[in-house]
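Enquirer: Going by this note's numbering, the sequence shown runs without a break in its numbering and finishes at 192.
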Amino acid sequence: MAVRFSAETHKRFEEVLTRYPTKQAAILPTLWLAQTEFGYLSPDAMEHVADLLDLSPAYVQGVATFYTMFYKEPMGQCHVQVCTNLSCTLVGAEKIVRCLEDRLGVKVGQTTGDKVFSLSEVECLGSCGTAPVIQVNDDYHEKQTPESMLSLIDELAKQAESASTPGA
Ligand code: FES
């Protein structure tokens, strides 16, 4: 099904274009706008971006596929991204991943059945001095342990449940 930016997102897209020398150079922020609007970059969303920027859908798909920050499939409400690069791994990131897999009942790369959590491993989040680092949506959680992550997951699960309970 064809998708299009909302009027508000389209306005933001036009503002973005003013900061770049050519339309095509604005591909990354435009993909970001598309992900924000549609939740992930479906083939239709990428086609819309291609139309807007006068690029081929294959080119847009190639760029989107290169960056892990762009999701090619729907993600859970909370995207839990564990950095498993060297500094984080040296101080226990792998243990945190295993612990999250057990708690959530999914493997890395999967989303829970209730669509609340998606679990990913990612490359360096640029905060090696406070390893291990986990990013949940836009927030960083630094110097984490399996225990602190389990508390955070419990808290996020509670928030998701009350948000989905009418009148809560
Ligand atoms: S290695 Fe994890 S933040 Fe850099």
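Glycine residues also receive a C-beta, built at the ideal position from the N, C-alpha and C atoms.
Treat the numbers as computed from the prediction; the structure is a model and nothing was measured.
Using only alpha-carbon positions, find the residue among Gly-100, Arg-43, Gln-183, Ser-111 that is nearest to Lys-197.
Expert: With the chain represented from 25 up to 192, any question about residue 197 goes unanswered, as that position is not in the structure.
Enquirer: Please indicate yes or no: does the CB of Ser-188 lie closer than 8 angstroms to some heavy atom of ligand 1?
Expert: Checking the Cβ of Ser-188 against ligand 1 gives no.
Enquirer: Using a Cβ-based criterion (distance less than 8 angstroms to any ligand heavy atom), does Gly-116 qualify as near ligand 1?
Expert: It does not: the Cβ of Gly-116 is nowhere closer than 8 angstroms to a heavy atom of ligand 1.
Enquirer: Helix, strand or coil: which one does DSSP assign to Cys-148?
Expert: Residue state, collapsed to three classes: coil.
Enquirer: In the DSSP assignment, find the alpha helix (DSSP H) that holds Gln-159 and state where it starts and stops.
Expert: No alpha helix (DSSP H) contains Gln-159, which is instead part of the beta strand (DSSP E) from 158 to 160.
Enquirer: Across which residues does DSSP place Val-121 in a beta bridge pair?
Expert: The partner list for Val-121 (beta bridge, DSSP) is empty, contrary to what the question assumes.
Enquirer: Heavy atom of ligand 1 less than 8 angstroms from the Cβ of Pro-206, yes or no?
Expert: No information on residue 206 is available, as it lies outside the stretch 25 to 192 that the chain covers here.
Enquirer: Quick one: what's got a C-beta closer than 7 angstroms to Gln-101's C-beta in the same chain, skipping five residues either side?
Expert: These residues qualify, in order along the chain: Lys-139, Val-140, Ala-184.
Enquirer: Which residue or residues does DSSP assign as beta-bridge partners of Phe-141?
Expert: In DSSP, Phe-141 forms a bridge with Cys-102.
Enquirer: For the beta strand (DSSP E) containing Asp-78, name the first residue and the last one.
Expert: Per DSSP, Asp-78 belongs to no beta strand (DSSP E) and is neither H nor E.
Enquirer: So, with DSSP's three-state summary, where would you put Tyr-64?
Expert: In the structure shown, Tyr-64 sits in coil (DSSP, three-state: anything other than H, G, I, E or B).
Enquirer: How far does the alpha helix (DSSP H) with Ser-188 in it extend, from its first residue to its last?
Expert: From DSSP, the alpha helix (DSSP H) with Ser-188 extends over 170 to 188.
Enquirer: Measure from the alpha carbon of Met-93 to the alpha carbon of each residue in Ala-82, Cys-107, Leu-124, then state which is nearest.
Expert: With distances taken between Cα atoms, Met-93 lies closest to Cys-107.
Enquirer: Within the same chain, show all residues whose beta-carbon is closer than 6 angstroms to that of Gly-116, passing over the 5 residues directly before and after it, in chain order.
Expert: Contacts found: Pro-156.
Enquirer: Below 8 angstroms, can you find three or more Cβ-Cβ pairs linking the stretch 43 to 53 to the stretch 66 to 80?
Expert: Touching, yes.
Enquirer: Is any heavy atom of ligand 2 found at a distance shorter than 8 angstroms from the C-beta of Leu-149?
Expert: By its list of ligands, the structure shown excludes ligand 2, since it contains just ligand 1.
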